[in-house]
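Chains L and P supply the protein sequences, listed in that same order. If you use the numbering used here, the first sequence corresponds to residues 9 to 472, in order. If you use the numbering used here, the second sequence corresponds to residues 145 to 518, in order. C-beta atoms are modelled at their ideal positions from N, C-alpha and C, and glycine is treated no differently. Since the structure is predicted, the reported quantities are computational estimates derived from the model, not experimental observations.
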Amino acid sequence: MLFNSYDYLVYFLPIAALGYFALGRNPRWSVGWLVAASLVFYGWWNPRYVPLILGSIAFNFVVALLIQRMRHAHAWMIAGVAGNLMLLGVYKYADFVLRTLAQTGSVPLVQLHLALPLGISFFTFTQIAFLVDVARGKAREPAIANYALFVTFFPHLLAGPIIHHAEMMPQFASASNKRVAWDNVARGLFLLAMGLAKKTFLADSLAPLVAAGFDHPASIGAIDAWLSALAYTLQIYFDFSGYTDMALGAALIFNIRLPINFDSPYHALDLRDFWHRWHMTLSRFLREYLYIPLGGNRSSEPRVLANLLVTFLLGGLWHGAAWTFVVWGALHGAGLCWLRVRRREGRRPLPPPVAWSITFVFVVTTWVFFRAASLPDAFAMLRAMAGFGHAAAAANALAVAAQGTIPAAFALVAGLVVVAMPRNSNSMTRELSASWLAGAATSAVLVAAILQFGHVAPFLYFNF
Amino acid sequence: MWRRSSTSISDDVAGALSKRWRAWCWSVLAATIVALAAVLAVNALVDPFQQYRLASTHPPRFYRLHHRFIDPGLAKNASYETALIGSSIMESTRNDTIAAACGGPAVNLSMPAISASEIRTLLGAVYLAHDPRRVVIVLDFNALAGAPDARQDDAGPLPTYLYDANVFNDLPYLLSGVVLRKSLSVLLNRNDEAFTTDANAPWFWANQVTFGRAEVLRGLDLRDLNARFRQPARTLDGMRASFERNLLPVLSAHPDTRFDLVWPPYSMLVWLDFLQRDQLDVTFAFKRYMTQAIARLSNVTIVDLQAHDEITGNLDLYRDLYHFAPQVNEWIVARACAHIDAEDASNVERYERDLRARLAAWQPPVVGSASWNR
Numbered sequence: 009m010l011f012n013s014y015d016y017l018v019y020f021l022p023i024a025a026l027g028y029f030a031l032g033r034n035p036r037w038s039v040g041w042l043v044a045a046s047l048v049f050y051g052w053w054n055p056r057y058v059p060l061i062l063g064s065i066a067f068n069f070v071v072a073l074l075i076q077r078m079r080h081a082h083a084w085m086i087a088g089v090a091g092n093l094m095l096l097g098v099y100k101y102a103d104f105v106l107r108t109l110a111q112t113g114s115v116p117l118v119q120l121h122l123a124l125p126l127g128i129s130f131f132t133f134t135q136i137a138f139l140v141d142v143a144r145g146k147a148r149e150p151a152i153a154n155y156a157l158f159v160t161f162f163p164h165l166l167a168g169p170i171i172h173h174a175e176m177m178p179q180f181a182s183a184s185n186k187r188v189a190w191d192n193v194a195r196g197l198f199l200l201a202m203g204l205a206k207k208t209f210l211a212d213s214l215a216p217l218v219a220a221g222f223d224h225p226a227s228i229g230a231i232d233a234w235l236s237a238l239a240y241t242l243q244i245y246f247d248f249s250g251y252t253d254m255a256l257g258a259a260l261i262f263n264i265r266l267p268i269n270f271d272s273p274y275h276a277l278d279l280r281d282f283w284h285r286w287h288m289t290l291s292r293f294l295r296e297y298l299y300i301p302l303g304g305n306r307s308s309e310p311r312v313l314a315n316l317l318v319t320f321l322l323g324g325l326w327h328g329a330a331w332t333f334v335v336w337g338a339l340h341g342a343g344l345c346w347l348r349v350r351r352r353e354g355r356r357p358l359p360p361p362v363a364w365s366i367t368f369v370f371v372v373t374t375w376v377f378f379r380a381a382s383l384p385d386a387f388a389m390l391r392a393m394a395g396f397g398h399a400a401a402a403a404n405a406l407a408v409a410a411q412g413t414i415p416a417a418f419a420l421v422a423g424l425v426v427v428a429m430p431r432n433s434n435s436m437t438r439e440l441s442a443s444w445l446a447g448a449a450t451s452a453v454l455v456a457a458i459l460q461f462g463h464v465a466p467f468l469y470f471n472f
Numbered sequence: 145m146w147r148r149s150s151t152s153i154s155d156d157v158a159g160a161l162s163k164r165w166r167a168w169c170w171s172v173l174a175a176t177i178v179a180l181a182a183v184l185a186v187n188a189l190v191d192p193f194q195q196y197r198l199a200s201t202h203p204p205r206f207y208r209l210h211h212r213f214i215d216p217g218l219a220k221n222a223s224y225e226t227a228l229i230g231s232s233i234m235e236s237t238r239n240d241t242i243a244a245a246c247g248g249p250a251v252n253l254s255m256p257a258i259s260a261s262e263i264r265t266l267l268g269a270v271y272l273a274h275d276p277r278r279v280v281i282v283l284d285f286n287a288l289a290g291a292p293d294a295r296q297d298d299a300g301p302l303p304t305y306l307y308d309a310n311v312f313n314d315l316p317y318l319l320s321g322v323v324l325r326k327s328l329s330v331l332l333n334r335n336d337e338a339f340t341t342d343a344n345a346p347w348f349w350a351n352q353v354t355f356g357r358a359e360v361l362r363g364l365d366l367r368d369l370n371a372r373f374r375q376p377a378r379t380l381d382g383m384r385a386s387f388e389r390n391l392l393p394v395l396s397a398h399p400d401t402r403f404d405l406v407w408p409p410y411s412m413l414v415w416l417d418f419l420q421r422d423q424l425d426v427t428f429a430f431k432r433y434m435t436q437a438i439a440r441l442s443n444v445t446i447v448d449l450q451a452h453d454e455i456t457g458n459l460d461l462y463r464d465l466y467h468f469a470p471q472v473n474e475w476i477v478a479r480a481c482a483h484i485d486a487e488d489a490s491n492v493e494r495y496e497r498d499l500r501a502r503l504a505a506w507q508p509p510v511v512g513s514a515s516w517n518r
């Protein structure tokens, strides 16, 4: 189920919240209700994968018990992590590996064509972190219902944030969280409205401009290419941070505080700063469960740089089973290595405007690999951005931008203004007051966004 | 992140704050619900795409680009005994023409580039509220191209929620801002987009275009006749799978309905195109298969109008390779419902030989100095 759908906003969320608080006198019923609701949410489009996620929960819960109660905890932990990675490998990476092997000419091409279960990367990482922390003695075996809710809680289930048991379990276990807290409901509604606005008015409106460039990278000019790349930079931010706002908002209605995931990432003055602001819970996961176990900063300098590079290569691959993501991760890893070397050499920091410009252009440019359909397409796009494209087509994207319900050109300008604003949705939510103006704005945005869902597109084939 | 009321403030202040937030929440929710309910009421009452009733308080608006939204409304709410379903080539067929030839009242539910999967979905809407006596399906080979569930989703997904009987999933229609603008333009009597109010010819476009040989040949790439429409290549297995998934079950499930499956008279240029793209044999093989597939269904007749070169070879009757003039539409429904040129396993090969011979003998028009690529 999508957050920006009628099914979710009109039926699912109100019913889930009403049931949760109605059953609040009995916390176990409340938790059970929320687990059931989350499974309905998960299986709404395709119930085929509900047994898969239930199996994954049961597997990890049992492994956690074995780690705690049996000897050789470390071995059980490795077995558990391997099991999770195997699941992820089969569903997400098997075809990529088989295709890559076939391209080397060593084996014939065989593809499994398995549909990727929704949210598998997120619920797998969440549970890997849990097993590692159980083995480290940082986490204790929870009640099975609370553990199931920890994994399935619908606001974070499909696209994060990647949560940590230490910050979630006490909230799921708290009896007071099963009673309505109106300030949380208010902030939840406000965040929900903010997220919907980001997704509906900005991210979705930018899509034609993005497609204009990325769908035809070999036949566009420099202006088109830069416009498309910039539009994608904004689209992915508003899409993902909008989704996260909706997730945080929905969770807050249930008195659950999910960790923030974005903190004005395009304000970053260097790449390190960027990764402290972009998909923060993934950065945290990679740092705690990959970079530090690899040795982190407490190694020789070449080893630290290698650790950084490996962490970001795998981070790139986590986003998708394609070489474009690997290159994207590698570029960010290399950028961070370069920053570290500069810092170790005692170089002075660049003036903020210069530092910001370099960082932003680097981020925009590397997004090309993230969005392009293939490496050749990405290189074609970069060639066009460098001025070696087909300048004759330079007006195409601008023409597309002028079309649409909310023209992409308007969304592009509005998006840049929003990105440049000093306050983001986190700070605005924190400082929300119970004023009529805030209420009217929240209601107006909710209504306007919901009216945008029902897209009635003309069928232009008629113009044959 | 967001901290609850500080422990330093008194319970009274906390209580007052909580009440204030509660009032704020209820105000926001109430304002949102009232606004959305108002939109829903306006869209449901005006019902610009006629999903719940045919327009009676205002002239109906048949928007030229919104077949996919209006057709299910017509399928559910119009009064008819005969339904015509086809692609854009059949849109310029008036309801009374269909009724006169096939028995009435009748409704034309054609929509551009309709796929077999979309025909199945549309027939689902037809049988929700009707048990039609007759359904004429003018089959386009391209409707059977691609995967069996393929739909023409270039303009967004088919609004399947309008093709069922469940009103609870109609919110994308009832709460749509675009539909609200349509409703308001009806109420304010504004014309925001091209439409016709002629309920007898809701999709008629033939009066807006020019027919004739010059029009057909304008800009035609003789070496690549498919350049303009970019029709996909078809395979026999793919077409069979699509037919067996989308049409055969419906034909079998409604023995009381007479189904007339019509092969329409494309211009000869289409057959040349098939020849260029190596699609001729697969096309004939599928026609032979069809006669076998429906042989046991006494309620189904195939009518093959493709060998009539007095029509297909006369480019003055066409606008382009595929789309013919309205008199051809009338000719089609008349022959289809009279079962003239009925095709079955006993004569399908004769029809094929006939068409192949006419194709071989046909002299394509000369266009400048360019030559045809056969």
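Where the alpha helix (DSSP H) containing residue i begins and where it ends
i        : result
L:Asn315 : 309–327
P:Ile476 : 470–482
P:Glu388 : 380–390
P:Asp155 : 155–190
Test: residue i CB closer than 7 Å to a CB of chain L
i        : result
P:Trp542 : Residue 542 of chain P lies beyond the residue range present for chain P, which begins at 145 and ends at 518; the question has no answer from this structure.
P:Thr176 : yes
P:Ala158 : no
P:Gly321 : yes
P:Leu218 : no
P:Ala309 : no
P:Ala504 : no
P:Ser200 : no
P:Ser162 : yes
P:Ala371 : no
P:Pro508 : no
P:Asp498 : no
Any C-beta of chain P under 7 Å from that of residue i
i        : result
L:Tyr14  : yes
L:Ala259 : no
L:Gly462 : yes
L:Leu21  : no
L:Ser447 : It should be pointed out that residue 447 of chain L corresponds to Gly in this sequence rather than to Ser. L:Gly447 counts as touching chain P.
L:Val455 : yes
L:Trp336 : no
L:Phe11  : no
L:Thr450 : yes
L:Pro442 : Correcting the residue type first, residue 442 of chain L is Ala in the shown sequence and not Pro. True, the Cβ-Cβ gap to chain P drops below 7 Å.
L:Ala402 : Note that L:Ala402 scores a pLDDT of 46, beneath 50, so its modelled location is shaky; the value from the coordinates is reported in the next line. No, L:Ala402 lies away from the interface with chain P (no Cβ there is under 7 Å from its Cβ).
L:Trp190 : yes
First through last residue of the beta strand (DSSP E) which encompasses residue i
i        : result
P:Trp407 : 402–407
P:Val444 : 444–448
P:Asn252 : 250–252
Counterpart residues of residue i in DSSP-defined beta bridges
i        : result
P:Ile281 : P:Ile229, P:Leu405
P:Thr340 : P:Phe206
Beta-carbon neighbours of residue i, restricted to chain P and to distances below 7 Å
i        : result
L:Thr374 : Within chain P, no residue comes near L:Thr374; the closest Cβ sits about 29 Å away, beyond 7 Å.
Beta-carbon proximity check, residue i vs residue j, cutoff 7 Å
i        : j        : result
P:Tyr305 : P:Ala269 : no
P:Ala327 : P:Pro204 : For the sequence presented, residue 327 of chain P should be read as Ser rather than Ala. Against a cut-off of 7 Å, the Cβ pair of P:Pro204 and P:Ser327 comes out as no contact.
P:Ser259 : P:Arg295 : yes
L:Gly395 : L:Ala230 : yes
P:Ala489 : P:Thr435 : yes
Partner residues on chain L for residue i, Cβ-Cβ distance less than 8 Å
i        : result
P:Val190 : Chain L residues near P:Val190: none, gap ~14 Å exceeds 8 Å.
Chain L contact residues for residue i, given Cβ-Cβ distances below 7 Å
i        : result
P:Pro316 : Tyr14, Phe461, Gly462
P:Val183 : Leu459
P:Ala350 : In chain order: nothing, as chain L lies at least about 13 Å away.
Neighbouring residues, chain P, relative to residue i (Cβ below 8 Å)
i        : result
L:Asp247 : Going along chain P, no residue has its Cβ under 8 Å from L:Asp247, so there is no contact; the nearest lies around 18 Å.
Partners in chain P for residue i, counting only beta-carbon separations shorter than 9 Å
i        : result
L:Ala194 : Trp165, Arg166, Trp168, Cys169, Val172
L:Ala220 : Under the 9 Å cutoff, chain P gives no residues; its nearest Cβ is about 16 Å from L:Ala220.
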